[in-house]
Amino acid sequence: MNPVHDDLHLIRSFQAGDESAFEELVRRYQRQVANIIYLTMGDRADIEDLSQEAFLRVYKSLNRFEFDSSFYSWLYRIVVNLCIDEFRRRKIRRTLSLDFFSEDRLEKEQKSADLNTGLDEVLGNEKKNVVRQALDKLSPDHKTALILREYNDLSYADIADVLKITPQAVKSRIFRARAELRELLKDYFKERL
Amino acid sequence: MSHETIQRELSAFADGELSALETEEIRSHVAACKDCRRAVDEYRLLRAEVRASAVRELPTNFASNIARTARLQSDPQAVWQGANVFARRLVLALTVVVFFVVSVGSLDSTESQVVIEPGFSGVSVDSTAQKTLLRGEVSEDDIMLAVIER
Numbered sequence: 000m001n002p003v004h005d006d007l008h009l010i011r012s013f014q015a016g017d018e019s020a021f022e023e024l025v026r027r028y029q030r031q032v033a034n035i036i037y038l039t040m041g042d043r044a045d046i047e048d049l050s051q052e053a054f055l056r057v058y059k060s061l062n063r064f065e066f067d068s069s070f071y072s073w074l075y076r077i078v079v080n081l082c083i084d085e086f087r088r089r090k091i092r093r094t095l096s097l098d099f100f101s102e103d104r105l106e107k108e109q110k111s112a113d114l115n116t117g118l119d120e121v122l123g124n125e126k127k128n129v130v131r132q133a134l135d136k137l138s139p140d141h142k143t144a145l146i147l148r149e150y151n152d153l154s155y156a157d158i159a160d161v162l163k164i165t166p167q168a169v170k171s172r173i174f175r176a177r178a179e180l181r182e183l184l185k186d187y188f189k190e191r192l
Numbered sequence: 000m001s002h003e004t005i006q007r008e009l010s011a012f013a014d015g016e017l018s019a020l021e022t023e024e025i026r027s028h029v030a031a032c033k034d035c036r037r038a039v040d041e042y043r044l045l046r047a048e049v050r051a052s053a054v055r056e057l058p059t060n061f062a063s064n065i066a067r068t069a070r071l072q073s074d075p076q077a078v079w080q081g082a083n084v085f086a087r088r089l090v091l092a093l094t095v096v097v098f099f100v101v102s103v104g105s106l107d108s109t110e111s112q113v114v115i116e117p118g119f120s121g122v123s124v125d126s127t128a129q130k131t132l133l134r135g136e137v138s139e140d141d142i143m144l145a146v147i148e149r
């Protein structure tokens, strides 16, 4: 059966009271959701909490799913909106914190971050990836469009549906994201190509 | 199309998002233009790297944990349905033990209210009395008699 039709069949089962259909949907999309979150937020620590939050939102709304779009577009929209909300929350928190931070406090935080980075390197938990770091420098709008294309393999029309923008805007965002990355990764590409 | 226009379209070209006509025009330009070929190669490498930097493994119980949490949040009473048999038995056993300990404790405190009259042993029927009993200084009958008299 076509995976999209299969999704719709699972949603109908869930709406009819079959709870196991939800778990099957989670199993089917958990990796895609986890990676949108990881690639957008840039931190493995966010994966579990935000994935859970995204799927909880799905669970709460699935009974109202109206079958006018594909499940994955609807799901990815929830995930992307969640990531963007989280970005905003963190930005506000960071701005508020900076207002009150003394230089001494900032210095201590930096030392602690350096220590953690060193620990990560020793443990090999979080391999520093030059492309990953470059992705983190993109704006959330550009980054999400690019990730949906590069990782999730969505067409511009599907990305437009997820982000609620026109396909032309998707094309522009992806082009700009790539142009920025080409500039950031100039040396990296020089070594590899 | 000019070289500049084509450069702006290369990203969509690499994604296969252009019309057949545009695709053909750009393909022949790329074949002849080193800069544009390099740009397309960089887009391809970038895609490979983004995919490679994705998370490979997730916890095996990832989906079931999320499904369980969703059920619990929507229906807190489902906590008992979600708990496994061992956990349920453990909680039941602990409840019985706690109930037993509390019951014995309250019986013990009731008994300690019973005081053996001075002149007989002068102590309550508590641990001290039990020790006295064990040492053989008073008999069980003596204690029972004191309780009945009281």
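Taken in order, these protein sequences are the chains called V and A. In this text, residue positions in the first sequence follow numbering that gives the first Met the number 0: the first is 0, and each later residue adds one. In this text, residue positions in the second sequence follow numbering that gives the first Met the number 0: the first is 0, and each later residue adds one. Just so you know, even glycine gets a beta-carbon here, dropped at the ideal spot from N, CA and C. In this text the structure is predicted, and so the values were computed from the model without any measurement.
Supposed close pair residue i, residue j - CB separation, criterion 8 Å
{"i": "residue 137 of chain V", "j": "residue 176 of chain V", "result": "5 Å"}
{"i": "residue 148 of chain V", "j": "residue 164 of chain V", "result": "That belief does not hold up - the Cβ atoms of residue 148 of chain V and residue 164 of chain V are roughly 13 Å apart, past 8 Å."}
{"i": "residue 66 of chain A", "j": "residue 21 of chain V", "result": "6 Å"}
{"i": "residue 13 of chain A", "j": "residue 43 of chain A", "result": "7 Å"}
{"i": "residue 53 of chain A", "j": "residue 25 of chain V", "result": "18 Å between Cβ atoms; not a contact."}
{"i": "residue 38 of chain V", "j": "residue 158 of chain V", "result": "Not confirmed; about 14 Å, so no contact."}
{"i": "residue 70 of chain A", "j": "residue 18 of chain V", "result": "6 Å"}
{"i": "residue 24 of chain A", "j": "residue 170 of chain V", "result": "Contact flag wrong, Cβ pair sits at about 17 Å."}
{"i": "residue 166 of chain V", "j": "residue 155 of chain V", "result": "4 Å"}
{"i": "residue 151 of chain V", "j": "residue 31 of chain V", "result": "6 Å"}
{"i": "residue 66 of chain V", "j": "residue 7 of chain V", "result": "6 Å"}
Cross-chain neighbours of residue i in chain A, by beta carbon under 8 Å
{"i": "residue 37 of chain V", "result": "53, 54"}
{"i": "residue 62 of chain V", "result": "The contacting residues do not exist; residue 62 of chain V stays about 10 Å from chain A at best."}
{"i": "residue 138 of chain V", "result": "Under the 8 Å cutoff, chain A gives no residues; its nearest Cβ is about 16 Å from residue 138 of chain V."}
{"i": "residue 155 of chain V", "result": "11, 14, 16"}
{"i": "residue 34 of chain V", "result": "53, 54"}
Where residue i meets chain A, residues with beta-carbon distance less than 7 Å
{"i": "residue 29 of chain V", "result": "57, 61, 62"}
{"i": "residue 54 of chain V", "result": "65, 69"}
{"i": "residue 25 of chain V", "result": "62, 65, 66"}
{"i": "residue 131 of chain V", "result": "52"}
Per-residue contacts from residue i into chain V (C-beta, under 8 Å)
{"i": "residue 44 of chain A", "result": "188, 191, 192"}
{"i": "residue 7 of chain A", "result": "174"}
Continuous alpha helix (DSSP H) stretch holding residue i: start and end
{"i": "residue 22 of chain V", "result": "19 to 40"}
{"i": "residue 136 of chain V", "result": "Element bounds for residue 136 of chain V: n/a, residue is neither H nor E."}
{"i": "residue 64 of chain V", "result": "Note, residue 64 of chain V: premise wrong, no alpha helix (DSSP H); not H, not E."}
{"i": "residue 175 of chain V", "result": "166 to 183"}
{"i": "residue 192 of chain V", "result": "It is not in any alpha helix (DSSP H) - residue 192 of chain V carries neither H nor E in the DSSP assignment."}
{"i": "residue 15 of chain V", "result": "From DSSP, residue 15 of chain V is part of no alpha helix (DSSP H); its letter is neither H nor E."}
{"i": "residue 8 of chain A", "result": "2 to 13"}
{"i": "residue 157 of chain V", "result": "155 to 162"}
Closest residue to residue i among the options (Cα-Cα distance)
{"i": "residue 41 of chain A", "options": "V:162, V:130, V:81, V:139", "result": "V:130"}
{"i": "residue 50 of chain V", "options": "V:3, V:36, V:150", "result": "V:36"}
{"i": "residue 161 of chain V", "options": "V:73, V:18, V:48", "result": "V:73"}
{"i": "residue 14 of chain V", "options": "V:183, V:62, V:88", "result": "V:62"}
{"i": "residue 4 of chain V", "options": "V:53, V:43, V:84, V:70", "result": "V:70"}
{"i": "residue 181 of chain V", "options": "V:42, V:57, V:134", "result": "V:134"}
{"i": "residue 188 of chain V", "options": "A:91, A:72, A:47", "result": "A:47"}
{"i": "residue 179 of chain V", "options": "A:10, A:73, A:2, A:1", "result": "A:10"}
{"i": "residue 48 of chain V", "options": "V:60, V:66, V:75, V:85", "result": "V:85"}
{"i": "residue 35 of chain A", "options": "A:89, A:2, A:55", "result": "A:2"}
{"i": "residue 33 of chain V", "options": "V:144, V:192, V:75, V:87", "result": "V:75"}
{"i": "residue 82 of chain V", "options": "V:183, V:46, V:59, V:92", "result": "V:46"}
{"i": "residue 58 of chain V", "options": "V:68, V:87, V:9, V:190", "result": "V:9"}
Within chain A, the residues that residue i reaches when beta carbons sit closer than 9 Å
{"i": "residue 128 of chain V", "result": "48, 51, 52"}
{"i": "residue 71 of chain V", "result": "Near residue 71 of chain V there are no residues of chain A at all, since even the closest Cβ is about 16 Å away, more than 9 Å."}
Cross-chain neighbours of residue i in chain V, by beta carbon under 9 Å
{"i": "residue 73 of chain A", "result": "55, 58, 59"}
{"i": "residue 37 of chain A", "result": "188, 192"}
Contacts that residue i makes with chain V (C-beta to C-beta distance below 7 Å)
{"i": "residue 40 of chain A", "result": "192"}
Could you tell me which whole alpha helix (DSSP H) segments of length 4 or greater appear in the segment 28 to 110 of chain A? Complete alpha helix (DSSP H) runs here, min 4: 33 to 51, 61 to 73, 78 to 81, 84 to 110.
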